[in-house]
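Participant: Quick note on numbering: our numbering labels position 59 of the sequence shown as 65, and the sequence is numbered without any gaps.
Where is the CB? At the ideal position from N, CA and C, for every residue including glycine.
What you are looking at is a predicted structure, and each value in this text was computed from that prediction instead of being measured.
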Amino acid sequence: MNGERRAALRKAVAQLVGGVVLLDAVALTIWYGAGIAQTRYQTRMTFTIVWTIATALTVAFLLRRVRMIRMGREP
Numbered sequence: 007m008n009g010e011r012r013a014a015l016r017k018a019v020a021q022l023v024g025g026v027v028l029l030d031a032v033a034l035t036i037w038y039g040a041g042i043a044q045t046r047y048q049t050r051m052t053f054t055i056v057w058t059i060a061t062a063l064t065v066a067f068l069l070r071r072v073r074m075i076r077m078g079r080e081p
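Here it is, written out as structure tokens:
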């Protein structure tokens with residue numbers, strides 16, 4: 007793996023990690039800021055399911071970029 011590709015891979019992995027951390031920070035801010043932690047069970051579960059789906063979509067999209075770089079195809 008050449009230096010340019012390695013740098014692109016590092017950047018893509020950093021974006022993957024940063025994207026998940028940012029999403030979690032936003033979700034936790036909403037969770038506590040909106041008082042969802044003290045709401046009924048169904049509301050908490052709905053929020054958790056939406057949060058999980060958003061995380062899965064974020065990881066799928068950003069991991070695709072990492073895989074493309076690893077396979078030698080720039081996104």
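Taking 8 Å as the threshold (C-beta atoms), are residue 75 and residue 29 in contact?
Facilitator: Start at 1 with the first residue of the sequence shown, and residue 29 comes out as number 23. Start at 1 with the first residue of the sequence shown, and residue 75 comes out as number 69. No, Cβ-Cβ distance for residue 29 and residue 75 is not below 8 Å.
Participant: Which value, in whole angstroms, describes the spacing of the CA atoms of residue 72 and residue 23?
Facilitator: Within the sequence shown, residue 72 is the residue found at index 66, counting from 1. Within the sequence shown, residue 23 is the residue found at index 17, counting from 1. The alpha-carbon atoms of residue 72 and residue 23 are separated by roughly 11 Å.
Participant: Here's the rule: buried if 16 or more other CB atoms are within 10 angstroms of the residue's CB, otherwise exposed. What is residue 66?
Facilitator: Counting from 1 along the sequence shown, the entry for residue 66 is found at position 60. When all chains shown are included, residue 66 counts as exposed.
Participant: Residues in its own chain within less than 8 Å of residue 69 by CB, not counting five upstream and five downstream?
Facilitator: One-based indexing of the sequence shown puts residue 69 at position 63. Excluding sequence neighbours, residue 69 sits near 22.
Participant: Look at the alpha carbon of residue 43 and the alpha carbon of residue 27, and state the distance between them as a whole number of angstroms.
Facilitator: In the sequence shown, the residue the question calls residue 43 occupies position 37. In the sequence shown, the residue the question calls residue 27 occupies position 21. Those two C-alpha atoms are separated by around 20 Å.
Participant: My guess is that residue 18 and residue 57 are in contact by the Cβ rule of under 8 Å, so how many angstroms apart are they, rounded?
Facilitator: Position 12 of the sequence shown, counted from the first residue, corresponds to residue 18. Position 51 of the sequence shown, counted from the first residue, corresponds to residue 57. In fact, because the Cβ distance is near 23 Å, the residues do not count as touching under 8 Å.
Participant: Take residue 64 and list the residues in its own chain whose beta-carbon comes closer than 7 Å to its own, dropping the five residues that flank it on each side.
Facilitator: Walking along the sequence shown from the start, residue 64 turns up at place 58. The answer, listed in chain order, is 25, 26, 29.
Participant: Grouping DSSP H, G and I as helix and E and B as strand, with all else coil, what is residue 40?
Facilitator: Residue mapping note: residue 40 aligns to position 34 of the sequence shown, counting from 1. Residue 40: coil per DSSP, three-state reduction.
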